[in-house]
Amino acid sequence: MRPLTDRTPKPLLRAGGRSLIEWQILRLAAAGVCELVVNVSHLGEQVVALLGNGAPLGVSIEYSREQQALETAGGIVAALPLLGPGAFIAVNADIYCDYDYARLRSGALRADDCAHLVLVDNPEHHRSGDFAPAPDGRLRSNGAPMLTFSGIAVYRPAFFAGIVPGERVALGPLLHAAAREGRLSGEHHRGLWMDIGTPERLARLQRRLACSAAAPGARVRS
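Read left to right, the sequence shown gives residues 23 to 244 (the working numbering).
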């Protein structure tokens with residue numbers, strides 16, 4: 023995303039009058055998910071300055087500060103002391119999605135699963151996908167159809183057992199290991215989802231939101 027992220031952290035890039043992270047926080051709040059932990063590292067104080075304690079967005083926010091970026095799994099482990107002992111929702115802050123988070127509050131995670139992922143159709147930049155859903159709802163690392171992990175999931179804290187706090191650990195290998203063990207479930211979201219990983223995709227989202235707002239009688243869903 024450079025040069026856009028040279029002075030602005032990716033979650034604070036704006037489209038449709040709001041930052042990417044604000045759009046997701048508003049959706050979480052609408053689903054009744056109001057106690058949030060936000061991981062911050064690169065230019066993280068800008069995130070803290072914008073969101074504060076979360077009250078204007080209808081949520082309560084605590085911050086897990088990373089001295090250096092710990093990758094997704096490492097960052098989650100660093101935040102675990104703030105998340106509590108139960109299962110929790112994790113959401114990438116650099117996506118735009120119209121997924122209804124209330125679906126993850128109604129027993130999406132089965133007793134024998136360590137995580138439940140929201141999958142989407144494969145975007146142009148990731149045609150190979152990540153996981154294949156089986157008829158029983160379990161996810162496999164190969165098969166058909168292959169779908170892409172959206173960056174939205176529910177996890178049990180035990181899924182991250184064995185990772186040393188402060189260690190830099192990627193999430194992907196852990197998820198594929200869980201899939202091989204039959205401990206990973208998922209669902210297919212067929213609505214709007216965009217990974218804002220390039221300036222071009224950010225511009226595409228901005229155009230889409232602008233068109234939605236300009237359409238007669240239309241309202242951008244938030």
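We treat Cβ as the ideally placed atom computed from N, Cα and C, and that holds for glycine.
Practice item. With DSSP collapsed to three states, give me the class of Thr94. Key: helix
Check your understanding: What are the boundary residues of the beta strand (DSSP E) that includes Gly173?
Key -> In the DSSP assignment, Gly173 falls within the unbroken beta strand (DSSP E) covering Thr170 to Tyr177.
Exercise for review: Let me know the beta strand (DSSP E) ranges lying completely inside the segment 97-159, each 3 residues or longer, listed in chain order.
Suggested key: 110-113, 117-119 and 137-142
Review point. Taking one C-beta from the segment 81-90 and one from the segment 53-69 each time, how about it: are there three or more such pairs within less than 8 Å?
Key: yes
Check your understanding: From Asn164 to Arg125, what does the alpha carbon distance come to, in whole angstroms?
Key -> 25 Å
Check your understanding: Where does Ile47 sit, in a helix, a strand or coil, going by DSSP?
Key -> helix
Point to revise | Continuous beta strand (DSSP E) stretch holding His210: start and end | key: Leu206 to His210
Check your understanding: Is it right to say Asn75 is buried, meaning 16 or more other beta carbons lie within 10 angstroms of its own, or is it exposed?
Key -> exposed
Review point. Exposed or buried, what is Ser133 when buried is set at 16 or more other beta-carbons lying within 10 Å of its beta-carbon?
Key: Going by the sequence as given, residue 133 is Ala instead of Ser. Exposed is the call here.
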